[in-house]
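Notes follow the structure.
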Amino acid sequence: MNTLPRYAYGVTLGPLIQDVATHYTLLEALLPGKVRAVAAGASGRIFLGTEAGLFQLDPDGHPQPVPETPVAAVSRIWAPGNGRLYVASMQESYQVLLDGTQKPVSFGGSDIVDMVVHQDPMLVLTSRTLIDRVQERTVALPEGVVARAIAADNTGQVLVATDQGVFRYDGSRLHPLSAESRWTNCKDRLLSADVRDLCADGKGGFYLATARGLNYYVQDIYLDLNERPALPVRDTYRVVLTPQGTLWVVTARGIACLYRGQWRYYAGKRWLPSDRVVDLCVMPSRPGVEEDVLIATEEGLARITFQPVPGDERLPGHERKAALYQAITGARHNRNGFVTDCFLLDQGRDFLYHASDNDGLWTALYVAAQSFRFAVTRAPEARQQARLGMQALLELVRVTGIAGFPARTFIREGERVHQSDPGPNWYPSPVEPGVLYKNDTSSDEVDGHYFAWFVYDALVADVEEKAQIAGVCRAVTSHILDHNYTLVGPTGKHTRWGVWTPEKLNDDPAWVEERGLNALEILSHLKVAIHLCGDARFQREYDNLITQHGYALNTVLQKRMPPEGECNHSDDELAAVAYYPLLLLEQDPYLRALYLLSLERTWEILRPEGSPFHNVIYGACTGRPCDAERALQWLYEAPLDLRGWTMTNSHRDDVAFQPQEDRFAQPQLTRVLSPRETHVARWNRNPYLPDGGDDGRTEEDGTFWLLPYWMGRYHGIFLQEGS
């Protein structure tokens with residue numbers, strides 16, 4: 001594997017701050033009413049305003065009623081950090097000393113919507129009046145105007161948000177602000193008179209949450225924050241600025257976070273119990289945590305933190321993330337060496353392994369990931385994982401009893417497993433009693449076998465394993481050649497997709513879509529077979545396909561796009577694992593020129609997706625810049641929770657749709673969203689789809705992340721800090 005140019009553009013793996021969601025899942029069952037407000041004291045104690053009064057979470061996360069407080073629905077809570085808590089209920093408003101030295105003290109009526117607090121509430125806002133407790137003055141809002149929120153900056157400027165615009169309080173009167181910017185060359189204006197909330201930044205500016213988006217207001221100038229950059233959902237209700245300068249916005253569907261100049265969108269049950277958010281508060285700062293917020297929703301409480309990845313603190317953050325994915329995969333996804341997704345039962349407390357149609361491919365990718373991991377770390381556990389997966393792959397060929405014919409998957413009698421597509425494609429193994437194997441093996445599985453054989457042989461295998469892999473590779477390759485470049489299983493006919501014969505690819509119009517890809521696949525398979533086995537027959541067939549049937553030329557147009565073909569991301573994944581061994585092994589400069597032309601064309605089509613899988617393979621195969629920074633960003637943004645939560649983005653205001661649907665008639669976006677905002681999927685999924693998931697009924701294994709990460713580490717695309 002030393003024939004490629006050295007990759008000279010590696011990016012250093014820096015510190016990794018991960019967004020992590022925690023759900024207080026038992027909270028709703030333990031409370032007598034739904035949570036309507038949330039606040040955190042300076043010590044980190046969490047207070048909940050519910051339909052039945054004020055509660056506090058104990059160290060175990062159980063809610064306890066705050067003694068002697070009214071049993072009445074709480075609408076808002078304020079925790080200004082002065083050792084007191086201020087609570088607005090439907091009956092009265094009161095303050096609570098957090099040290100518990102005295103009973104709650106009433107300080108106002110029952111219609112309080114917001115307040116400004118320093119040592120005590122200085123300004124109290126009801127829906128119709130502003131109560132200035134310093135000046136001992138009550139100021140009524142204009143007739144018909146309903147107050148929503150109040151905020152003061154450190155210069156003493158006070159603004160009030162209402163359903164009819166924004167008012168400035170000068171100490172005695174309320175003055176409506178113009179909706180227009182006062183400077184001629186500033187064209188932005190107040191986005192909507194329906195202003196729901198506001199907060200001050202301490203520099204004379206205010207963020208305004210309106211029905212039509214977010215404004216920044218300073219010195220009678222408005223800035224439209226909907227497009228700079230685009231706000232995910234413009235129907236906004238709350239806005240909170242943290243001490244670190246991060247802006248959190250409650251929207252009609254989920255929350256948005258302006259973090260270091262970029263919006264993040266948190267919605268769906270990966271992040272929130274419900275997208276209907278009723279309150280949000282900032283937790284006190286603590287070492288190592290950049291952001292920490294509590295979110296009260298209609299169906300429960302969540303907490304989102306930006307923190308170092310949990311795990312062994314001696315490891316860098318990216319390796320801790322790899323270890324977490326490794327642990328998830330080992331816990332629920334490794335079925336005697338076969339690795340794929342699993343089915344979650346009883347709300348995730350139990351699971352079923354999945355005997356999938358593509359066990360050969362998914363396991364092969366995992367074997368490759370573990371092989372690269374072993375090559376980088378020399379960890380015995382990585383070698384063990386790779387070896388277990390490789391033995392499972394070799395078993396797929398043995399259990400069919402047909403020389404060189406691999407099964408899709410197999411299951412043993414009594415095995416507790418979800419059987420993919422039970423039906424006529426399952427056959428009893430003639431060589432292994434009590435085993436059923438699945439027929440109709442496709443090119444997908446075969447691609448995986450050759451890729452894994454090649455990588456494992458180069459990085460992990462001992463002498464005995466090399467001989468074993470070479471023997472199986474020889475049998476499978478001979479089977480394909482003996483059956484005129486097809487796979488023939490127990491039916492005596494070639495399988496639906498196991499076809500690489502020139503008569504089909506070059507001359508049958510029904511196979512025009514597969515012409516380029518399948519030519520690339522078989523050339524890669526033969527090249528691996530030549531490398532592992534050394535059989536002269538394989539070299540002759542390789543040369544014959546190129547000189548007599550134009551297969552090297554076929555590879556150049558392997559990715560067909562509309563209107564000539566359909567954009568097939570499953571095929572993109574298969575092409576990637578075929579390019580890798582072919583370009584590492586081929587030395588002929590004329591053939592390399594064609595193969596590199598093919599890869600270059602394919603990668604330029606896929607490049608906007610920012611896929612670490614495709615970017616790393618391109619960089620490894622060419623030595624050229626491969627958008628490694630963007631690949632690394634994707635790996636950093638991938639969520640730690642691999643459950644198949646339904647993630648919906650088609651409603652967002654910051655997305656646009658392509659004019660054409662995808663190959664399954666599904667609408668697709670013009671850009672790829674962050675993996676934190678979309679459902680977890682392998683690299684065979686269309687990343688332009690806005691919506692997807694299964695409400696958490698399945699869980700993905702970690703291979704989609706582990707393979708590009710460890711492959712990138714091996715090839716020097718991702719550099720360990722200090723290396």
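Residue numbers for the sequence shown follow the working numbering, so the first one is 1 and each next one is one higher. Yeah, the Cβ is synthetic: ideal placement off N, Cα and C, and Gly gets one too.
Residue i in three-state terms, based on DSSP
i: methionine 122; result: strand
i: serine 443; result: helix
i: glutamate 180; result: strand
i: isoleucine 402; result: coil
i: histidine 494; result: strand
i: serine 371; result: helix
i: aspartate 132; result: strand
i: lysine 504; result: helix
i: alanine 8; result: coil
i: cysteine 567; result: coil
i: glutamine 587; result: coil
i: leucine 557; result: coil
i: tyrosine 216; result: strand
i: proline 65; result: strand
i: arginine 697; result: coil
i: glutamine 91; result: coil
i: methionine 390; result: helix
i: aspartate 359; result: helix
Rounded separation between residue i and residue j - CA only
i: glycine 389; j: valine 367; result: 6 Å
i: arginine 682; j: alanine 575; result: 15 Å
i: glycine 300; j: glutamate 136; result: 39 Å
i: leucine 272; j: valine 38; result: 15 Å
i: tryptophan 645; j: proline 232; result: 19 Å
i: alanine 458; j: proline 422; result: 37 Å
i: alanine 355; j: leucine 396; result: 12 Å
i: asparagine 2; j: glycine 712; result: Note that asparagine 2 has pLDDT 45, beneath the 50 cutoff, so the model's placement of it is unreliable and the number below is only indicative. Spanning the two alpha carbons is a distance of roughly 15 Å.
i: valine 417; j: alanine 461; result: 30 Å
i: glutamate 432; j: arginine 592; result: 43 Å
i: threonine 491; j: arginine 540; result: 29 Å
i: glutamate 629; j: isoleucine 17; result: 16 Å
i: arginine 697; j: arginine 349; result: 11 Å
i: aspartate 774; j: leucine 669; result: In this structure the chain extends from 1 to 723, so residue 774 is not present and cannot be described.
i: glutamate 561; j: proline 608; result: The sequence shown places methionine at residue 561, not glutamate. The alpha-carbon atoms of methionine 561 and proline 608 are separated by roughly 15 Å.
i: arginine 238; j: alanine 256; result: 10 Å
i: serine 420; j: leucine 57; result: 45 Å
i: aspartate 279; j: valine 250; result: 8 Å
Closest residue to residue i among the options (Cα-Cα distance)
i: asparagine 334; options: Gly716, Gln720, Glu699, Ile131; result: Glu699
i: leucine 125; options: Met115, Val249, Ala302, Glu298; result: Met115
i: valine 499; options: Thr486, Trp511, Gly492; result: Thr486
i: lysine 466; options: Pro32, Gly245, Gly534; result: Gly534
i: isoleucine 221; options: Arg234, Asp235, Phe206, Glu227; result: Phe206
i: arginine 133; options: Leu141, Tyr427, Ala140, Asp120; result: Asp120
i: asparagine 518; options: Gly489, His549, Lys493; result: His549
i: valine 195; options: Leu214, Asp201, Arg663, Lys203; result: Leu214
i: proline 690; options: Leu198, Phe657, Gly100, Ala152; result: Phe657
i: glutamine 102; options: Gly109, Val113, Gly83; result: Gly83
i: aspartate 341; options: Trp710, Thr703, Gly261; result: Thr703
Residue environment, residue i, which counts as buried when at least 16 other CB atoms sit within 10 Å
i: asparagine 425; result: buried
i: serine 178; result: exposed
i: leucine 553; result: exposed
i: threonine 138; result: exposed
i: cysteine 281; result: buried
i: tryptophan 746; result: For residue 746 there is no data in the structure shown, the boundaries of the chain being 1 and 723.
i: histidine 747; result: Here the chain comprises residues numbered 1 to 723, so residue 747 is not present and cannot be evaluated.
i: histidine 118; result: exposed
i: valine 20; result: buried
i: asparagine 336; result: exposed
i: leucine 247; result: buried
i: leucine 642; result: buried
i: aspartate 507; result: exposed
Identified DSSP bridge partners for residue i
i: arginine 663; result: Bridge partners of arginine 663: none, in fact.
i: aspartate 350; result: Leu345
i: leucine 159; result: Ala151, Arg168
i: arginine 189; result: Glu180
i: arginine 652; result: Per DSSP, none; premise fails for arginine 652.
i: threonine 236; result: Thr251
i: glutamine 548; result: BP columns for glutamine 548 are empty, so no partner.
Chain D contact for residue i (CB, 9 Å cutoff)
i: glycine 33; result: Given the protein chain composition of this structure (a single chain), no chain D is represented.
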